[in-house]
Structure formats: C-alpha cells, structure tokens
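Accompanying notes for the structure given below.
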Amino acid sequence: MANRSSAQRPNGGTQGKICQFKLVLLGESAVGKSSLVLRFVKGQFHEYQESTIGAAFLTQTVCLDDTTVKFEIWDTAGQERYHSLAPMYYRGAQAAIVVYDITNQDTFGRAKTWVKELQRQASPNIVIALAGNKADLSNKRIVEYDEAQAYAEENGLLFMETSAKTAMNVNDIFLAIAKKLPKNEQMVGSGSSGRGTRLVESESTQKTPGNCCK
Numbered sequence: 001m002a003n004r005s006s007a008q009r010p011n012g013g014t015q016g017k018i019c020q021f022k023l024v025l026l027g028e029s030a031v032g033k034s035s036l037v038l039r040f041v042k043g044q045f046h047e048y049q050e051s052t053i054g055a056a057f058l059t060q061t062v063c064l065d066d067t068t069v070k071f072e073i074w075d076t077a078g079q080e081r082y083h084s085l086a087p088m089y090y091r092g093a094q095a096a097i098v099v100y101d102i103t104n105q106d107t108f109g110r111a112k113t114w115v116k117e118l119q120r121q122a123s124p125n126i127v128i129a130l131a132g133n134k135a136d137l138s139n140k141r142i143v144e145y146d147e148a149q150a151y152a153e154e155n156g157l158l159f160m161e162t163s164a165k166t167a168m169n170v171n172d173i174f175l176a177i178a179k180k181l182p183k184n185e186q187m188v189g190s191g192s193s194g195r196g197t198r199l200v201e202s203e204s205t206q207k208t209p210g211n212c213c214k
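Taking the working numbering, I'd label the letters of the sequence shown as residues 1 to 214.
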C-alpha cells in the first residue's frame with residue numbers, strides 16, 4: 001500500500017511536535033474492534049476476521065496542524081475469559097474507544113459496563129469515545145442512534161456510528177480523539193515536518209503490554 005504524503009511546507013515551515021498516546025479498544029466479542037483498527041491503520045477490511053487472542057498492538061499517526069499524534073493502539077479481546085486482563089491494557093491509557101454493534105442490544109449494554117469501569121479505574125483524564133459499529137447494517141438496527149447519543153452526552157463521551165466495512169467515520173473518530181487529547185503532554189520529540197505521511201507502517205503481532213507504552 002502506497003503512503004499518501006501531504007504537501008511540503010513552504011520554506012521548510014516550522015518544526016512540529018510529536019505527541020504519543022496509548023489508546024485501547026474495548027467491547028464485546030465480534031462487535032468489530034479489530035476491523036475498525038485494521039481499517040484505520042491499513043485501510044483494509046476482511047469479511048471474516050479472526051477473534052483476537054489477548055490483545056493485538058498496532059500504531060498509527062494522525063496529523064493536526066503543527067502536531068503529529070501517534071497512537072499506540074491496544075486492540076483487546078472481547079471474550080469474557082479475557083476480561084480480567086483488560087486493566088492491564090487500559091492502565092495508563094490516555095484514550096479509549098468502547099465499541100458496540102448497532103444490531104445487538106446486549107453489546108450496547110456491555111459497552112455501558114466498560115464505560116463505567118473506565119470511569120472508575122482508568123486514568124482520570126482519559127478521553128473515551130463510544131463507537132456504534134456496523135452502521136452499514138442499519139436495516140437491522142436494534143440500538144437507536146438517539147439513544148446512544150443521549151447516553152454519550154450524559155457521560156461526556158465522544159460518539160459516532162461507524163462502519164469498518166465502508167470506512168464510515170473510522171478515521172473521523174480517531175481524529176476527534178486526537179483533537180481532544182492534551183497536546184502539551186506526551187511530547188516525544190520534534191521533527192522537521194509535523195505533517196508527513198498520513199499512513200505509517202504498523203505492527204499487528206500480538207504482544208503483552210510492556211515498556212513500549214507509557
């Protein structure tokens with residue numbers, strides 16, 4: 001896949017800073033967490049995505065004016081047997097996306113449970129986004145948009161309906177998170193260009209969280 005480069009700044013421009021943030025995806029199994037990440041990082045969609053075991057780690061950048069936001073993304077497994085591992089992944093995270101399936105009411109209820117857990121145990125200033133995935137299946141909708149939006153507003157969450165299949169709002173939800181994160185923290189360096197390529201290399205090998213995340 002070819003990278004898409006932004007236009008270079010005239011006369012070299014000003015140096016942009018690079019901010020690095022840990023982001024975790026949470027939600028019931030089969031709601032499309034891995035598909036959202038794959039669409040965001042690689043621009044791909046696989047109709048049949050294998051279930052994540054433990055967690056997968058990927059990286060991607062978002063460019064905001066003079067700041068490059070680098071996301072270290074932990075895509076967690078949704079099966080109940082992995083629930084006890086979740087705190088290991090969201091501990092120290094600056095952002096989280098809680099995903100549910102708009103065609104499945106139970107996954108929305110589970111998403112609310114994850115939000116409560118994050119509000120109770122994660123970092124106090126964590127940015128939480130709620131993603132109603134599989135928006136391409138709106139003809140099978142069970143969870144109404146207005147219901148989810150009202151819940152998100154009550155709990156101070158970012159909210160979008162997404163479709164990993166069609167790419168609807170996938171980049172947008174990560175961009176909205178990037179805009180909300182504090183840019184005066186997590187500065188890991190500066191470069192001659194805060195813009196550069198929109199998509200960067202990723203790694204999707206499964207890992208346990210170690211010293212790669214702060």
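Virtual Cβ for every residue (Gly too), placed ideally from N, Cα, C. In this text, all values refer to a predicted model and were calculated from it rather than measured experimentally.
Shown here, residue 173 sits in a helix according to DSSP, grouped into three states. Excluding the 5 residues flanking it on each side, residue 163 has same chain C-beta neighbours closer than 6 Å at 135 and 136, in chain order. Taking a contact as a CB-CB distance under 8 Å, the pair residue 158 and residue 115 does not count as one, their CB atoms being some 12 Å apart. Contact between residue 129 and residue 97 holds, with the beta-carbon distance rounding to 5 Å and staying under 8 Å. Sequence-distant partners of residue 23 (beyond 5 residues in either direction) whose C-beta falls short of 6 Å from its own C-beta, in its chain, are 71, 73 and 95. The continuous alpha helix (DSSP H) containing residue 152 extends over residues 145 to 154. Residue 140: not part of any beta strand (DSSP E); DSSP gives it neither H nor E.
DSSP places residue 135 in no beta strand (DSSP E); its state is neither H nor E. Distance between residue 21 and residue 69, taken at the CA atoms: about 7 Å. In this chain, the beta strand (DSSP E) harbouring residue 70 covers 67 to 76. Taken through DSSP and simplified to helix, strand or coil, residue 62 comes out as strand. In this structure, the alpha-carbon of residue 65 lies about 14 Å from that of residue 176. Straight-line measurement puts the Cα of residue 121 at about 8 Å from the Cα of residue 87. Under the DSSP assignment, residue 21 falls outside any alpha helix (DSSP H), being part of the beta strand (DSSP E) whose first and last residues are 16 to 27.
Residue 150 counts as exposed, since fewer than 16 other beta carbons sit within 10 angstroms of its beta carbon. Judged by DSSP secondary structure, residue 30 falls outside any beta strand (DSSP E); it is assigned neither H nor E. Scanning the segment 93 to 129 for uninterrupted alpha helix (DSSP H) segments of 4 residues or longer gives 105 to 121, listed from N- to C-terminal end.
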